[in-house]
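Have a look at the structure below before the remarks.
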Amino acid sequence: MKALVYTQPNEVQLLDRPEPQLEPGEVVLEIEAVGICGSDMHAYHGHDPRRKPGLILGHEFCGKIVQSAAPGFSVGQRVTGNPLITCGTCDYCVQGRDNLCSHRTMVGMTRPGAFAQKMSIPAASLVDIPQDMPALHAALTEPAATALHAINLSMRAMTRPLPENRTLILGGGAIGMLAALLLKSYGCRHTVLAEVNPLRRASAQTHAQVSTYDPRETQPEENGFDYVIDAVGSKITREAALRAIKPGGVVMHIGLQDWASEIDMRKLTLAEITLMGTYTYSTADLRATVALLRDGVFGDLSWVSSMSLADGPRAFSELDSGALASSKVVLVP
Ligand SMILES: [Zn+2]
Ligand SMILES: [Zn+2]
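In structure tokens form, the structure reads like this:
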């Protein structure tokens with residue numbers, strides 16, 4: 016089969032790879048669509064020690080079952096899935112916080128990913144989709160669930176209902192964009208998004224009706240926002256988030272571009288700021304997200320672009336150079 020293989024830093028190549036073998040309790044999927052994630056870009060840059068050259072990346076997939084060794088999953092069924100392979104029995108798994116599973120592994124990291132014509136995955140990771148859902152929409156389940164999980168966690172720390180918050184989103188990548196779309200559907204009318212790429216700013220204005228600014232030219236209003244989502248996660252954005260947040264506000268840290276930072280602990284303490292981290296999604300979040308995508312809660316998703324798997328090397332380099340207006344590229348094998 017053809018697969019897009021991460022061969023060395025800043026290079027992915029379309030190569031022939033052996034087809035995945037069917038193992039007990041697993042299925043083999045024919046991949047219909049697979050999104051390029053920020054974490055795939057991070058690996059592509061050689062910045063992820065867990066993802067080594069020779070690996071097939073990709074974990075935001077939609078596919079059709081072509082072989083099944085798992086009861087309840089039949090050939091021909093279309094599915095998406097949880098790329099985190101979890102144990103189902105540790106304390107976190109039984110609490111429904113399976114994203115924190117003590118024994119988790121991941122497709123596109125510890126086993127071959129979905130930038131390929133076929134991929135195997137344990138059936139326990141599969142998530143049902145409406146059988147007529149477009150593959151491109153189903154492939155967005157994983158990043159959309161990341162935004163959903165983060166916003167759900169944030170709401171636990173808010174004093175006032177979400178729509179009453181004045182919100183700042185730092186970063187107009189796919190997660191920032193999906194968060195903006197979800198906030199819009201929840202009735203939030205005061206959302207500002209910071210993004211350096213003018214194409215992405217325009218896309219966020221058009222599709223999520225947020226106001227935007229270029230953080231290289233403008234600083235967010237100090238103490239101006241009840242809720243800040245850092246969808247970049249760099250030293251600079253963390254400083255901006257802590258500056259922009261109002262006393263009593265909530266800062267949600269989603270991205271993780273770098274992690275060394277001094278935090279303004281004086282403001283955090285004296286102003287009762289809640290600073291939270293979030294990692295991925297639970298299986299329950301993925302199921303909820305499929306329903307939201309089906310209901311059009313994330314809009315028509317026309318800002319997502321699709322390319323063939325063979326064009327994968329070009330997709331990576333264009334995402335890297337910022338040449339694309341779209342913050343999400345979905346590859347179609
Ligand atoms: Zn992802
Ligand atoms: Zn577990």
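Under this note's numbering, the first residue of the sequence shown carries the number 16, and numbering increases by one thereafter. Backbone N, C-alpha and C define an ideal beta-carbon position, used for all residues, glycine too.
Neighbourhood of residue i by C-beta, 7 Å cutoff - its chain only, sequence neighbours within 5 removed
{"i": "residue 24", "result": "60, 61"}
{"i": "residue 72", "result": "21, 55, 58, 66, 123, 128, 130"}
{"i": "residue 150", "result": "47, 48, 77"}
{"i": "residue 276", "result": "250, 253"}
{"i": "residue 27", "result": "19, 20, 21, 59, 327, 328, 331"}
{"i": "residue 300", "result": "160, 163, 164"}
{"i": "residue 320", "result": "339, 341, 344"}
heavy atom of ligand 1 below 7 Å from residue i C-beta
{"i": "residue 203", "result": "no"}
{"i": "residue 52", "result": "yes"}
{"i": "residue 164", "result": "no"}
{"i": "residue 60", "result": "no"}
{"i": "residue 352", "result": "Absent from the structure is residue 352, since the part of the chain shown begins at 16 and ends at 348."}
{"i": "residue 268", "result": "no"}
{"i": "residue 287", "result": "no"}
{"i": "residue 57", "result": "no"}
{"i": "residue 47", "result": "no"}
{"i": "residue 152", "result": "no"}
Three-way DSSP call (helix, strand, coil) for residue i in this model
{"i": "residue 146", "result": "coil"}
{"i": "residue 33", "result": "coil"}
{"i": "residue 348", "result": "coil"}
{"i": "residue 214", "result": "helix"}
{"i": "residue 320", "result": "strand"}
{"i": "residue 53", "result": "helix"}
{"i": "residue 312", "result": "coil"}
{"i": "residue 225", "result": "coil"}
{"i": "residue 45", "result": "strand"}
{"i": "residue 111", "result": "coil"}
{"i": "residue 339", "result": "coil"}
{"i": "residue 96", "result": "strand"}
{"i": "residue 171", "result": "coil"}
{"i": "residue 23", "result": "strand"}
{"i": "residue 155", "result": "coil"}
{"i": "residue 328", "result": "helix"}
{"i": "residue 297", "result": "coil"}
{"i": "residue 119", "result": "coil"}
{"i": "residue 131", "result": "strand"}
{"i": "residue 65", "result": "coil"}
Close beta carbons around residue i, own chain, < 8 Å, minus the five adjacent residues each side
{"i": "residue 263", "result": "174, 241, 286, 287, 288"}
{"i": "residue 89", "result": "80, 83"}
{"i": "residue 118", "result": "101, 102, 105"}
{"i": "residue 273", "result": "248, 249, 250"}
Outcome for residue i when other beta-carbon atoms lying within 10 angstroms are tallied against a minimum of 16
{"i": "residue 201", "result": "exposed"}
{"i": "residue 210", "result": "buried"}
{"i": "residue 335", "result": "exposed"}
{"i": "residue 311", "result": "exposed"}
{"i": "residue 297", "result": "buried"}
{"i": "residue 223", "result": "buried"}
{"i": "residue 315", "result": "exposed"}
{"i": "residue 41", "result": "buried"}
{"i": "residue 93", "result": "buried"}
{"i": "residue 235", "result": "buried"}
{"i": "residue 385", "result": "No answer is possible for residue 385: it lies beyond the span of the chain, which begins at 16 and ends at 348."}
{"i": "residue 91", "result": "exposed"}
{"i": "residue 121", "result": "buried"}
{"i": "residue 338", "result": "exposed"}
{"i": "residue 187", "result": "buried"}
Residue i at chain C interface by Cβ criterion, 8 Å
{"i": "residue 84", "result": "The question asks about chain C, but that chain is absent: this structure has only one protein chain."}
Residue i Cβ short of 7 Å to ligand 2 heavy atom set
{"i": "residue 295", "result": "no"}
{"i": "residue 113", "result": "yes"}
{"i": "residue 125", "result": "no"}
{"i": "residue 118", "result": "yes"}
{"i": "residue 298", "result": "no"}
{"i": "residue 103", "result": "yes"}
{"i": "residue 228", "result": "no"}
Neighbourhood of residue i by C-beta distance below 6 Å, restricted to the same chain and skipping five residues each side
{"i": "residue 225", "result": "195, 206, 208, 219"}
{"i": "residue 243", "result": "183, 256, 259, 260, 266"}
{"i": "residue 318", "result": "218, 222, 341"}
Ligand 4 heavy atom lying under 7 Å from the CB of residue i
{"i": "residue 271", "result": "The ligand content of the structure shown is limited to ligand 1 and ligand 2, which means ligand 4 is not among them."}
> Counting only runs that start and end within the stretch 67–91, where is the alpha helix (DSSP H) found for 4 or more residues in a row?
Replying inline: None, since the stretch 67–91 contains no complete alpha helix (DSSP H) of that length.
>> If we require 4 or more residues per run, which alpha helix (DSSP H) segments fall completely within the stretch 268–294?
In response: Counting only runs of 4 or more residues that sit fully inside the stretch 268–294, the alpha helix (DSSP H) segments are 280–285, in chain order.
> At which residue ranges does the stretch 174–209 contain complete alpha helix (DSSP H) runs of 4 or more residues, listed in the order of the chain?
Replying inline: Note on the stretch 174–209: whole alpha helix (DSSP H) runs with a minimum of 4 residues are 189–200, in chain order.
> Which ranges would you report for the alpha helix (DSSP H) in the stretch 228–261 if only whole runs of at least 4 residues count?
Replying inline: Listed in chain order, the complete alpha helix (DSSP H) runs (minimum 4 residues) inside the stretch 228–261 are 250–259.
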